[in-house]
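**Student:** Numbering (the working numbering), first residue to last: 23 to 184.
Below you can see the structure in the form of structure tokens.
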């Protein structure tokens with residue numbers, strides 16, 4: 023039994039002391055959950071999820087991949103600022119030990135994506151990413167491993183995000 027100053031610790035199957043299956047994946051996505059806390063769930067019905075991203079994924083040839091990412095929320099984000107702060111999405115991702123730019127997160131659209139029944143998802147609180155990219159124990163996120171490879175996944179809509 024784990025004892026913690028946080029009341030929620032027992033409600034998660036995995037945490038930093040028991041990192042679970044996400045610790046085995048590339049870039050160890052378990053580290054992006056607050057305290058490594060998350061649960062594994064297999065969807066028993068098609069589920070709508072949302073993600074902020076770069077516009078054009080449904081309309082601009084060559085930008086199809088911008089509609090997909092691996093991090094989602096259960097409700098659509100209200101603004102770019104809310105995505106940056108609550109979901110802890112940085113403008114740029116730098117590899118800590120090398121200082122090399124690993125990626126950029128352009129946010130000007132929100133995508134509604136239907137995740138099919140039977141998909142395994144990982145859900146838990148958003149981990150702090152430094153600076154004002156807060157996340158926190160009361161902000162929830164959902165990780166879907168390589169959604170672009172999931173049969174039956176469907177992008178429902180793309181809307182502007184300000």
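Glycine included, each C-beta is placed from N, C-alpha and C at the ideal position.
Only a predicted model underlies this, so the values are computations on that prediction, with no experimental measurement involved.
Is the CB-CB distance between residue 110 and residue 150 below 9 Å?
**Tutor:** yes
**Student:** State whether the stretch 50–69 contacts the stretch 83–90, with contact taken as three or more CB pairs (one from each stretch) at a distance under 8 Å.
**Tutor:** no
**Student:** Using a threshold of 9 Å, state whether the C-beta atoms of residue 143 and residue 137 are closer than that.
**Tutor:** Yes, these two residues count as a Cβ contact at 9 Å.
**Student:** Hey, residue 74 and residue 183: beta-carbon distance below 9 Å or not?
**Tutor:** Their beta carbons are under 9 Å apart, which means residue 74 touches residue 183 by this criterion.
**Student:** Mind reading off the beta-carbon distance from residue 71 to residue 96? Whole number of angstroms is fine, and I expect it under 8 Å.
**Tutor:** 7 Å
**Student:** Can you pull the DSSP bridge partners for residue 179?
**Tutor:** Partner(s): 134.
**Student:** If I'm right that residue 141 touches residue 172 with Cβ under 8 Å, what's the distance once you round it to whole angstroms?
**Tutor:** 6 Å
**Student:** Under the DSSP definition of a beta bridge, which residues are partnered with residue 39?
**Tutor:** In DSSP, residue 39 forms no bridge with anything.
**Student:** To the nearest angstrom, how far is it from the Cα of residue 34 to the Cα of residue 40?
**Tutor:** 10 Å
**Student:** With a threshold of 16 other CB atoms inside 10 Å of the CB of residue 89, please say whether the residue is buried or exposed.
**Tutor:** buried
**Student:** Cutting at 6 Å between CB atoms, please list the residues of its own chain near residue 108, excluding the five before and the five after it.
**Tutor:** 161
**Student:** Do residue 92 and residue 51 have their CB atoms nearer than 9 Å?
**Tutor:** yes
**Student:** Can you name the residues that DSSP bridges to residue 145?
**Tutor:** Residue 145 pairs with 61, 164.
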